[in-house]
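Novice: Can you keep this structure in mind? I'll have questions shortly.
Chains as they are written, first to last, in the working numbering: chain A, 64 to 724; chain B, 697 to 853.
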């Protein structure tokens with residue numbers, strides 16, 4: 064009964080989404096207030112209905128209702144509750160329901176908090192949101208129904224892939240999807256602006272918080288996925304340039320560019336047409352990510368050809384939305400008035416540079432990810448594009464960007480003074496250089512580029528601090544004046560500084576751990592000791608242990624450093640009973656210096672165990688930096704200006720004054 | 697077999713592949729000479745494990761990857777150069793084995809696309825700057841509607 068309620072709610076939600084798509088659009092066209100007013104309640108109702116479906120599916124999972132095929136395939140009685148819940152989105156059908164739930168949540172949020180939006184804009188935005196929801200609900204109902212019943216119901220399910228039974232991965236998809244789907248807001252606003260044929264700074268002020276929120280979630284989602292890969296996959300890697308990682312990284316790069324161009328648009332009314340295009344591109348990349356992951360095209364082009372129903376459907380959705388949006392853009396964008404002028408050396412100019420490099424960067428990732436697929440589909444030739452290719456094409460684009468980041472916030476709007484900005488950054492540059500020289504001097508091994516990378520990270524952090532120092536006039540004004548300025552500084556300034564510093568932290572983490580990780584591959588018998596990075600590990604032996612739904616063999620290592628006991632490490636190999644497959648659980652000892660990381664392997668012929676030990680210096684900085692970026696976004700989002708939203712000015716017609724200069 | 701995959705690939709591949717953990721480079725494979733071993737690792741990182749998803753033979757626990765790792769080490773001990781070894785393996789397994797494709801007709805677009813996008817973007821930005829500056833110097837004449845509006849504003853002012 065519960066499953067049928069969920070199924071019915073999904074179909075109702077589809078009907079409501081279609082209404083939400085059609086009526087407000089007509090209303091906005093013929094300026095009928097009543098038709099336009101349908102949009103808000105429809106968006107809210109649609110959210111409630113999708114939420115009912117989602118809760119129904121979750122109930123089936125939590126109560127282990129194996130008469131529902133989806134539950135039977137992806138759950139089991141003995142599974143801990145957390146993974147029964149995360150099992151809901153740990154499969155294709157359930158994850159699509161989560162996708163639509165988040166989409167509906169964003170729509171309902173606009174309906175609820177968008178009271179001060181111009182009616183026409185609001186109606187158009189919600190209509191576009193409704194159309195996306197309708198497409199994906201149709202997809203779920205026709206090809207990916209999670210509520211199909213089994214008769215007779217089996218006694219126990221097949222369980223969830225053990226590798227997914229992990230706390231970080233339980234929450235990774237919701238964050239990732241919130242990021243993906245959140246960009247639909249920017250997309251809907253862009254389409255609404257194109258339909259309207261006008262756009263102003265208030266538009267950017269509305270779009271920015273939504274984009275920022277989506278970007279924050281995507282940042283955290285990607286970081287969580289990378290952290291999970293680091294400790295679960297058993298060799299300490301954190302980024303693999305895997306097509307699926309790329310699928311989430313491309314929207315992140317485009318979304319980052321969008322955040323920055325939206326600033327220009329809000330503050331200076333410039334880059335309008337580009338910002339609109341970027342909003343379309345960002346969500347298109349999100350859609351493409353969904354297609355890549357959901358269609359099965361990545362496993363192999365052939366797998367896609369064998370069961371193409373889902374893939375073709377998502378491809379069609381993609382084609383309609385991306386093609387339609389770009390066509391609309393080509394048709395209507397020339398109508399949009401151009402905004403303020405600016406010199407190449409200016410804050411706007413620096414943000415154009417940011418956009419140039421980020422856009423080329425995602426284009427590089429895009430080509431590298433899709434080229435092998437396209438080549439195989441067209442010619443049948445198979446090639447591989449892996450980490451060496453991406454490192455080679457991505458790094459030259461990202462390095463100049465990182466060097467340029469601290470300059471941006473120090474340049475004035477309209478016309479900036481590069482020399483003055485450089486002078487202000489002298490201290491930061493000296494600090495970065497000093498660190499570089501110091502690292503070079505003490506370096507014993509590792510690539511010569513690594514000290515440069517560290518210097519770059521320090522440069523980013525010091526550059527972010529420099530901007531704050533000058534904005535509060537720390538060394539010019541009296542202490543009380545500086546303090547007053549510090550408190551009155553808009554939160555978005557702190558947000559920017561935090562996010563840029565976070566980027567620097569990530570850079571240092573990546574460079575140090577890549578350049579100076581140490582590794583030992585050993586065959587150890589109980590009683591043996593091993594040395595790595597100043598630690599001594601004594602191997603005490605392997606014992607069996609029983610978990611809630613798995614058996615494991617746990618190795619015990621006693622870790623000492625300079626004769627003093629530091630910790631015990633217990634890497635293990637798990638065998639999941641129901642799923643009949645296993646995982647390796649690394650034993651990790653985190654410290655500020657870095658992570659000591661031990662992995663237990665198979666028993667060899669002579670009774671010894673194959674053991675891998677790693678020391679990953681400063682590796683935590685990667686995720687700490689990502690977290691700092693997330694916090695920077697949150698601080699910026701709490702800025703009064705964004706919280707209050709667009710002022711009444713949005714109601715008046717957009718000024719069409721060309722060139723203020 | 698052990699497949700290194702990112703979380704979402706796992707969602708995708710769930711039920712299709714069972715991820716059984718095993719090790720990549722095993723203790724008995726490691727060469728005595730650290731310099732040779734370092735070269736072996738460097739070569740291995742650029743070679744794809746043919747039965748895995750986007751994973752190098754250095755990270756993979758698949759038996760085929762192990763065979764390839766041993767092959768690389770054998771050739772190293774026989775005194776081959778890195779390039780000779782890579783050529784040897786490509787001759788046996790095809791271009792698919794290279795994680796960084798060679799620059800040739802088939803991969804022309806792959807390698808040139810990024811620089812092309814970069815140059816095109818710079819060109820577009822430069823043209824936009826020039827056009828905007830020209831427009832600012834010679835503003836377009838007022839349209840009829842604008843003239844009417846100007847008249848009205850002046851009249852009211």
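Cβ atoms here follow ideal geometry from the backbone N, Cα and C, with glycine treated the same way.
Are the Cβ atoms of residue 91 of chain A and residue 186 of chain A separated by less than 8 Å?
Specialist: Yes; because the gap between Cβ atoms is below 8 Å, this pair is in contact.
Novice: Just reading off the beta strand (DSSP E) that residue 354 of chain A is part of, what are its end residues?
Specialist: Looking at the DSSP string, residue 354 of chain A is not in any beta strand (DSSP E); the run it does join, the alpha helix (DSSP H), is 335-358.
Novice: Buried or exposed: residue 199 of chain A, going by 16 or more other Cβ atoms within 10 Å of its Cβ?
Specialist: Looking at its Cβ environment, which holds 16 or more other Cβ atoms inside 10 Å, residue 199 of chain A is buried.
Novice: With a threshold of 16 other CB atoms inside 10 Å of the CB of residue 637 of chain A, please say whether the residue is buried or exposed.
Specialist: It is buried - the Cβ of residue 637 of chain A has at least 16 other Cβ atoms within 10 Å.
Novice: Inspect the beta-carbon positions of residue 744 of chain B and residue 793 of chain B and report whether they are closer than 8 Å.
Specialist: Cβ distance < 8 Å, so residue 744 of chain B and residue 793 of chain B count as in contact.
Novice: Tell me where the alpha helix (DSSP H) around residue 692 of chain A begins and ends.
Specialist: Here the alpha helix (DSSP H) through residue 692 of chain A covers 683-700.
Novice: Quick check on residue 771 of chain B: does DSSP put it in helix, strand or coil?
Specialist: Three-state result, residue 771 of chain B: helix.
Novice: Reducing DSSP to helix, strand and coil, say where residue 74 of chain A ends up.
Specialist: Here residue 74 of chain A sits in helix by DSSP.
Novice: How should residue 718 of chain B be labelled, buried or exposed, when 16 other C-beta atoms within 10 angstroms of its C-beta is the threshold for buried?
Specialist: Interpretation of residue 718 of chain B is limited by its pLDDT of 44, a score under 50 that renders its predicted location unreliable; the figure taken from the coordinates is listed afterwards. Per the 10 Å Cβ criterion, buried.
Novice: Do residue 581 of chain A and residue 434 of chain A count as a contact pair if the criterion is CB distance below 8 Å?
Specialist: Going by C-beta atoms, residue 434 of chain A is not nearer than 8 Å to residue 581 of chain A.
Novice: Taking only beta-carbon atoms, is residue 585 of chain A less than 8 Å away from chain B?
Specialist: So yes, residue 585 of chain A belongs to the interface.
Novice: What are the partner residues of residue 680 of chain A, as DSSP defines its beta bridges?
Specialist: Note: residue 680 of chain A sits in a beta bridge opposite A/657.
Novice: Under 7 Å Cβ to Cβ from residue 197 of chain A, same chain only, skipping five residues before and after it: list those, please.
Specialist: 77, 80, 81 and 84.
Novice: Per DSSP, what are the beta-bridge partners of residue 652 of chain A in this structure?
Specialist: Residue 652 of chain A is bridged to A/659.
Novice: Give the DSSP-derived three-state secondary structure of residue 858 of chain B in the structure shown.
Specialist: Here chain B has residues from 697 to 853 only, and residue 858 of chain B is not among them.
Novice: Going by CA-CA distance only, name the one from A/583, A/472, A/335 and A/651 that's closest to residue 256 of chain A.
Specialist: Ranking A/583, A/472, A/335 and A/651 by Cα distance to residue 256 of chain A puts A/335 first.
Novice: Could you tell me which chain B residues have their CB closer than 8 Å to the CB of residue 445 of chain A, listed as they occur along the chain?
Specialist: Within chain B, the residues near residue 445 of chain A are 790, 791 and 792.
Novice: Taking contact to mean 3 or more Cβ pairs, one atom from each stretch, closer than 8 Å, check whether the segment 664-672 of chain A and the segment 528-539 of chain A are in contact.
Specialist: Verdict: no, contact absent.
Novice: Should the segment 419-436 of chain A be called in touch with the segment 391-407 of chain A, which here means at least 3 C-beta pairs below 8 Å?
Specialist: Taking 8 Å as the limit for Cβ pairs, the verdict is that the segment 391-407 of chain A does not touch the segment 419-436 of chain A.
Novice: Apply the 10 Å Cβ neighbour rule to residue 140 of chain A and answer buried if 16 or more other Cβ atoms are within range, or exposed otherwise.
Specialist: Under this definition residue 140 of chain A is an exposed residue.
Novice: Going along the chain, which residues of the segment 421-441 of chain A sit with their C-beta nearer than 8 Å to a C-beta in chain B?
Specialist: From the segment 421-441 of chain A, only 422, 423, 426, 427, 430, 431, 434 and 438 have a Cβ closer than 8 Å to chain B.
Novice: Assign residue 85 of chain A to one of three DSSP states: helix, strand, or coil.
Specialist: Note: residue 85 of chain A maps to helix in three-state DSSP.
Novice: Does residue 818 of chain B have its Cβ less than 8 Å from a Cβ in chain A?
Specialist: Answer yes: the Cβ-Cβ gap between residue 818 of chain B and chain A drops below 8 Å somewhere.
Novice: When the Cα atoms are used, what is the spatial distance from residue 72 of chain A to residue 399 of chain A?
Specialist: Answer to the nearest angstrom: the Cα atoms are 40 Å apart.
Novice: Is the beta carbon of residue 321 of chain A sitting closer than 8 Å to the one on residue 282 of chain A?
Specialist: No, Cβ-Cβ distance for residue 321 of chain A and residue 282 of chain A is not below 8 Å.
Novice: Following the continuous beta strand (DSSP E) through residue 594 of chain A, name the residue where it begins and the one where it ends.
Specialist: From DSSP, the beta strand (DSSP E) with residue 594 of chain A extends over 592-595.
Novice: One question on the structure: do residue 312 of chain A and residue 285 of chain A come within less than 8 Å of each other, judged by their Cβ atoms?
Specialist: Yes, Cβ-Cβ distance for residue 312 of chain A and residue 285 of chain A is below 8 Å.
Novice: Between the alpha carbons of residue 619 of chain A and residue 631 of chain A, how many angstroms are there, rounded?
Specialist: Their backbone Cα atoms lie some 7 Å apart in a straight line.
Novice: If we define contact as Cβ-Cβ less than 8 Å, is residue 848 of chain B a contact residue for chain A?
Specialist: Chain A contact via Cβ: absent.
Novice: Do residue 797 of chain B and residue 448 of chain A come within 8 Å of each other at the CB atom, strictly closer than that value?
Specialist: Result yes, Cβ atoms of residue 448 of chain A and residue 797 of chain B sit closer than 8 Å.
Novice: Residue 277 of chain A and residue 220 of chain A: beta carbons closer than 8 Å?
Specialist: Their beta carbons are not under 8 Å apart, which means residue 277 of chain A does not touch residue 220 of chain A by this criterion.
Novice: Could you pull the start and end residues of the alpha helix (DSSP H) that residue 220 of chain A belongs to?
Specialist: That residue, residue 220 of chain A, is in no alpha helix (DSSP H); it is neither H nor E in DSSP.
Novice: Could you round the C-beta distance between residue 569 of chain A and residue 689 of chain A to whole angstroms and report it? I think they count as a contact, below 8 Å.
Specialist: Contact flag correct, Cβ pair sits at about 6 Å.
Novice: Name, in chain order, the residues that DSSP records as bridge partners for residue 623 of chain A.
Specialist: Answer by DSSP bridge pairing, in chain order: A/599 and A/628.
Novice: Name the residue from A/522, A/695, A/86 and A/236 whose alpha carbon lies nearest to the alpha carbon of residue 155 of chain A.
Specialist: Looking at the Cα atoms, A/236 is the closest of the given residues.
Novice: Name the one or two DSSP bridge partners that residue 584 of chain A has.
Specialist: DSSP output for residue 584 of chain A lists A/675 as bridge partner(s).
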